[in-house]
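Each remark here refers to the structure printed beneath this line.
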Amino acid sequence: MEANDYAVLNLGLASRGTRGRVKDRTENSLFMETEEDFPEGTVQNILEQESLKWVFVGGKGGVGKTTCSSIISILLSKVRPSVLIISTDPAHNLSDAFQQRFTKTPTLVNGFPNLYAMEVDPNVESEELHNAEGMDSFVSEVANAIPGIDEAMSFAEMLKLVQTMDYSVIVFDTAPTGHTLRLLQFPSTLEKGLAKMMSLKNKFGGLMSQMARMFGMDDEFGEDAILGKLEGMKDVIEKVNRQFRDPDMTTFICVCIPEFLSLYETERLVQELTKFEIDAHNIIINQVIFGEAVESKLLKARMRMQQKYLDQFYMLYDDFNITKLPLLPEEVCGVEALNSFSHHFVTPYQPSPTPGSVEELEQRVSILKEQLEAAEAELEIQRKGKQKV
């Protein structure tokens with residue numbers, strides 16, 4: 022399935038001056054360059070930026086975000102004193118990637134002295150709040166009246182926990198793009214939620230206090246307690262928002278594959294990151310089929326399709342570090358496999374030379390024989406010349 026199968030969608034590309042590292046370019050250069058003209062990128066810039074505190078890894082579902090975030094955390098552990106990788110994806114594939122069970126408590130990854138991992142449930146805090154005795158119905162009604170407020174509150178609690186942890190850098194393995202975009206909207210969601218609660222307090226302040234007393238909770242779950250909780254979270258979110266927008270402390274790595282829908286979602290994600298002033302200057306293109314020993318017609322057709330989208334990625338994001346990773350015949354699972362594959366994150370992947378057809382190989386052998394015979398003849402002439410002297 023290719024772009025021709027879809028209706029034309031106007032992405033409304035963001036201004037080049039606000040995306041990634043800015044470079045001047047002309048419109049004509051977009052259509053004159055080919056993939057061979059583009060330098061291969063790596064994630065070395067991430068490893069060398071010592072001021073980074075948060076590294077978010079996100080993209081469309083099924084593109085290899087967890088594998089990439091796991092490898093990035095491994096690479097960071099080699100240059101940083103302590104590294105924590107957190108999975109905020111409800112699917113929790115982090116345990117599968119490392120082949121080790123992780124929980125909501127940071128756990129040392131087997132084989133590493135300074136790499137920790139944890140899997141958090143983004144719905145835990147909101148469920149605990151909803152399950153507070155006697156307040157289930159009331160809080161549920163408030164949460165439903167403010168779309169996204171419960172998820173925002175749970176995320177705020179998670180970030181509050183993260184800020185108390187003493188790690189040199191934290192890598193976030195995020196959920197698919199849609200969830201990640203909601204994450205970026207949490208600061209404004211909380212602000213709206215607080216305004217809504219303040220409005221409720223002004224209208225029904227006395228009633229809320231009476232309800233709390235009726236349920237025998239006094240001021241523990243009264244209006245002041247609830248509003249205090251929201252205001253506390255708002256303070257945390259505002260602090261987080263400042264760190265989000267600081268390119269020295271936070272960056273976002275987009276992971277994708279060379280297909281139309283992934284290209285589209287990557288552009289949507291980059292535009293949202295630009296909108297929220299979050300730094301993004303690295304793209305990882307995973308599952309690339311290189312032209313090494315490809316004989317299958319199906320694979321060759323797939324390669325041609327991928328090449329079309331690879332060219333578009335390079336044209337759209339010429340001011341990004343683009344890292345291409347090869348499609349492998351097996352999954353990358355376990356510390357050993359992750360360590361082995363990490364080489365391609367810092368050194369551009371070099372495909373093996375295509376062996377070619379039998380006729381081409383025979384022709385190469387023939388040329389090599391001729392070159393060898395010529396070299397032997399030259400050597401023999403030099404020997405005879407020395408003997409005469």
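In our numbering, the protein residues as written are 22 to 410. Don't be surprised by glycine CBs; every beta carbon is placed ideally from N, CA and C.
(request) Could you check how far apart the C-beta atoms of T272 and I67 are, in whole angstroms? I think they sit under 8 Å. (result) Taking the first residue of the sequence shown as 1, we reach residue 272 at position 251. Taking the first residue of the sequence shown as 1, we reach residue 67 at position 46. About 7 Å separates the two Cβ atoms, so the contact holds.
(request) Tell me whether K296 is buried or exposed, calling it buried when 16 or more other Cβ atoms sit within 10 Å of its Cβ. (result) The residue given as residue 296 occupies position 275 in the sequence shown. Classification of K296: exposed, given that the 10 Å Cβ count is below 16.
(message) Between T344, S361, K345, which has its C-alpha nearest E411's C-alpha?
(response) Residue numbering for the chain in the displayed model covers 22 to 410; residue 411 lies beyond these limits and cannot be assessed.
(message) Using C-beta distances below 8 Å, list every residue in its chain close to T368, excluding the 5 sequence neighbours before and after it, in chain order.
(response) Position 347 of the sequence shown, counted from the first residue, corresponds to residue 368. Contacts found: T63.
(request) Out of E61, E71, Q65, V76, state which residue places its alpha-carbon closest to the alpha-carbon of I299. (result) Here the question's residue 299 lines up with position 278 in the sequence shown. Ranking E61, E71, Q65, V76 by Cα distance to I299 puts V76 first.
(request) Per DSSP, which residues does L192 bridge with? Please list them. (result) As a working note, residue 192 is residue 171 in the sequence shown. Here residue 192 is Val; the residue named in the question, Leu, does not match the sequence. BP columns for V192 point to V76, I106.
(message) So, with DSSP's three-state summary, where would you put K345?
(response) Position 324 of the sequence shown, counted from the first residue, corresponds to residue 345. Three-state result, K345: strand.
(message) Please list the terminal residues of the continuous alpha helix (DSSP H) segment that includes C354.
(response) Here residue 354 corresponds to residue number 333 of the sequence shown, with the count starting at 1. Membership of C354 in any alpha helix (DSSP H) is not indicated, and neither H nor E is assigned to it by DSSP.
(message) Taking its Cβ as the centre, do 16 or more other Cβ atoms sit within 10 Å of K318, making it buried, or is it exposed?
(response) Position 297 of the sequence shown holds residue 318. So K318 counts as exposed.
(message) Assuming C275 and G79 are in contact, meaning their beta carbons sit under 8 Å apart, how far apart are those beta carbons, in whole angstroms?
(response) Reading the sequence shown from its first residue, position 254 is the one you call residue 275. Reading the sequence shown from its first residue, position 58 is the one you call residue 79. About 7 Å separates the two Cβ atoms, so the contact holds.
(message) What I want to know is whether the C-beta of H365 ends up closer than 7 Å to one or more non-hydrogen atoms of the ligand NAP.
(response) The model depicted lacks the ligand NAP and carries no ligand whatsoever.
(request) Go through its chain and collect everything with a Cβ distance to Q422's Cβ below 7 Å, but skip five positions before and after it. (result) Absent from the model: residue 422. The displayed extent of the chain is 22 to 410, so no value can be given.
(message) If contact is defined by three or more beta carbon pairs under 8 Å, each pair taking one atom from either stretch, is the segment 281-297 in contact with the segment 191-210?
(response) yes
(request) Pull up the distance between the alpha-carbon of E399 and that of K405, whole angstroms please. (result) Within the sequence shown, residue 399 is the residue found at index 378, counting from 1. Within the sequence shown, residue 405 is the residue found at index 384, counting from 1. Taking the straight line from one Cα to the other gives about 10 Å.
(message) Assuming Y137 is part of the beta strand (DSSP E), what are its boundary residues?
(response) Counting from 1 along the sequence shown, the entry for residue 137 is found at position 116. 136-140 is the extent of the beta strand (DSSP E) around Y137.
(request) Please work out which residues of its chain come closer than 7 Å, Cβ to Cβ, to V190, disregarding the five sequence neighbours upstream and downstream, and give them in chain order. (result) In the sequence shown, the residue the question calls residue 190 occupies position 169. Same-chain partners within the cutoff: L73, K74, V76, L97, R101, V104.
(message) Do L284 and Y330 count as a contact pair if the criterion is CB distance below 8 Å?
(response) Within the sequence shown, the letter at position 309 stands for residue 330. Within the sequence shown, the letter at position 263 stands for residue 284. Contact flag set, yes.
(request) Can you tell me the Cβ-Cβ gap for L115 and D194, rounded? I've got them flagged as a contact below 8 Å. (result) Working through the sequence shown from its first residue, we reach residue 115 at position 94. Working through the sequence shown from its first residue, we reach residue 194 at position 173. Right, the Cβ-Cβ distance comes to about 6 Å (below 8 Å), so this counts as a contact.
(request) Identify, in the order they occur along the chain, each residue of the same chain with its Cβ nearer than 6 Å to the Cβ of Y137, setting aside the five sequence neighbours on each side. (result) Counting from 1 along the sequence shown, the entry for residue 137 is found at position 116. The residues are L105, P127, L129.
(request) Below 6 Å CB to CB, which residues in the same chain sit around F265 once its five sequence neighbours on both sides are set aside? (result) For the purposes of this step, residue 265 is taken as the residue at position 244 of the sequence shown. Closer than 6 Å at Cβ, skipping near neighbours: T271, I299.
(message) Can you tell me whether P350 is buried or exposed? The criterion is at least 16 other CB atoms within 10 Å of its CB, across all chains shown.
(response) In the sequence shown, the residue the question calls residue 350 occupies position 329. The residue is exposed, with fewer than 16 neighbouring Cβ atoms inside 10 Å.
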